[in-house]
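Colleague:
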Ligand code: G3P
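Numbering (my numbering), first residue to last: 224 to 441.
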């Protein structure tokens, strides 16, 4: 399963890329707002840090403007993946971009029916939002599982499932068990994945015992 990081913070992206954790990046207008820098400059910089796909989302909702935005974003770098919303206009834009050879990520997916529409236009990625479904009392990961099952039944579907709106390490594990092709993880969650109390206590013990030997490797 590929790991994307869900942030527009370039420092966090650089740190995780250096650790060998990153296959790509996803951003959205809220994350751009949180990062607080110019959108185009931020995406340009992220594309230089990461070789893999960098999702950059259109901001408008009407077809004409979204199309222009998508074309502009696509020109930033060869690894830009244009993110479009799962609306009729969004998929119309997505279809045109796909026909032009552009990778796209269809976002704001909350049902398997919507995922079928994204596959129909040949989307590169479909992003089911797990945490936001959990928030309204639904089982978000079941959606990931359903989409993976459906897509696997059809050889002509090449759309990859990108589990999004991830809230903790358990979501990452569940996405892997469901067969999700990609998971996009907030930096905080990626760091949480390292944690286990037995790892910490075990390392503390090894450090103490090594000190007691009085030896040095170097
Ligand atoms: O980038 C899309 C998605 O991951 C957003 O997550 O936490 O705002 O529901 P969240």
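Cβ atoms here follow ideal geometry from the backbone N, Cα and C, with glycine treated the same way.
Would you mind sorting residue 256 into buried or exposed? The rule is 16 or more other CB atoms within 10 Å of its CB.
Modeller: As a first step, residue 256 is located in the chain shown; it is residue number 33 there, counting from the start. Exposed, since its Cβ has fewer than 16 Cβ neighbours within 10 Å.
Colleague: Just to confirm the assignment, what range does the alpha helix (DSSP H) spanning residue 415 have?
Modeller: In the chain shown, counting from the first residue as 1, residue 415 sits at position 192. Here the alpha helix (DSSP H) through residue 415 covers 410-415.
Colleague: Regarding residue 328 and ligand 1, is the C-beta to nearest heavy atom distance less than 7 Å?
Modeller: In the chain shown, residue 328 corresponds to position 105, counting from 1. Because no heavy atom of ligand 1 lies under 7 Å away, the Cβ of residue 328 does not count as near it: no.
Colleague: Please state if the CB of residue 350 and the CB of residue 314 are separated by a distance shorter than 8 Å.
Modeller: Here residue 314 refers to the residue found at position 91 when the chain shown is read from its first residue. Here residue 350 refers to the residue found at position 127 when the chain shown is read from its first residue. Cβ atoms of residue 314 and residue 350: not closer than 8 Å.
Colleague: Taking 6 Å as the limit, tell me which residues put their C-beta closer than that to any heavy atom of ligand 1, in chain order.
Modeller: Matched residues: 229, 249, 251, 352, 354, 355, 387, 388 and 407.
Colleague: Which residues does DSSP list as the beta-bridge partners of residue 385?
Modeller: The residue given as residue 385 occupies position 162 in the chain shown. According to DSSP, which records beta bridges pairwise, residue 385 is partnered with 405.
Colleague: Tell me the DSSP bridge mates of residue 278?
Modeller: Locating residue 278 in the chain shown gives position 55, where the first residue counts as 1. Residue 278 pairs with 249 and 304.
Colleague: Decide if residue 231 is buried, meaning its Cβ has at least 16 other Cβ atoms within 10 Å, or exposed.
Modeller: On the chain shown, position 8 is the one that residue 231 refers to. When all chains shown are included, residue 231 counts as buried.
Colleague: From which residue to which residue does the beta strand (DSSP E) around residue 377 run?
Modeller: Residue mapping note: residue 377 aligns to position 154 of the chain shown, counting from 1. Where residue 377 is concerned, there is no enclosing beta strand (DSSP E), given that its DSSP letter is neither H nor E.
Colleague: Cutting at 7 Å between CB atoms, please list the residues of its own chain near residue 371, excluding the five before and the five after it.
Modeller: Position 148 of the chain shown, counted from the first residue, corresponds to residue 371. Result list for residue 371: 384, 401, 402 and 403, in chain order.
Colleague: Have a look at the DSSP bridge pairing and note the partners of residue 420.
Modeller: Taking the first residue of the chain shown as 1, we reach residue 420 at position 197. Paired residues: none, contrary to the question.
Colleague: Distance check for residue 368 and residue 358, CA to CA, integer angstroms please.
Modeller: Position 135 of the chain shown, counted from the start, is the residue given in the question as residue 358. Position 145 of the chain shown, counted from the start, is the residue given in the question as residue 368. Going by the C-alpha atoms only, they are around 18 Å apart.
Colleague: Nearest to residue 254 by CA position, among 273, 237, 245 and 280, is which residue?
Modeller: Along the chain shown, one-based indexing puts residue 254 at 31. Nearest of 273, 237, 245 and 280 to residue 254, Cα basis: 280.
Colleague: Which residues bound the alpha helix (DSSP H) around residue 263?
Modeller: The residue given as residue 263 occupies position 40 in the chain shown. Residue 263 -> alpha helix (DSSP H) spans 262-272.
Colleague: Should residue 430 go down as buried or exposed, given a rule of 16 or more other Cβ atoms within 10 Å for buried?
Modeller: Position 207 of the chain shown, counted from the first residue, corresponds to residue 430. Per the 10 Å Cβ criterion, exposed.
Colleague: Less than 8 Å between the beta carbons of residue 437 and residue 415, yes or no?
Modeller: The count along the chain shown starts at 1 and reaches residue 437 at position 214. The count along the chain shown starts at 1 and reaches residue 415 at position 192. Cβ atoms of residue 437 and residue 415: not closer than 8 Å.
Colleague: Alpha carbon to alpha carbon, what distance is there between residue 419 and residue 434?
Modeller: Here the question's residue 434 lines up with position 211 in the chain shown. Here the question's residue 419 lines up with position 196 in the chain shown. Distance between the alpha carbons of residue 434 and residue 419 is about 23 Å.
Colleague: Runs of 4 residues minimum, wholly inside the segment 301-357: which ones carry the alpha helix (DSSP H) assignment?
Modeller: Runs of the alpha helix (DSSP H) inside the segment 301-357: 311-322 and 335-343.
Colleague: May I ask you to verify whether the segment 257-274 touches the segment 294-305, counting CB pairs closer than 8 Å and requiring at least 3?
Modeller: Touching, per the Cβ criterion.
Colleague: Quick check on the burial criterion: 16 or more other C-beta atoms within 10 angstroms. Buried or exposed for residue 243?
Modeller: Locating residue 243 in the chain shown gives position 20, counting from the first residue. Looking at its Cβ environment, which holds fewer than 16 other Cβ atoms inside 10 Å, residue 243 is exposed.
Colleague: Using a 10 Å radius around the Cβ and a threshold of 16 neighbouring Cβ atoms, would you call residue 360 buried or exposed?
Modeller: Translated into positions along the chain shown, residue 360 becomes position 137. Answer is exposed; the Cβ neighbour count stays below 16.
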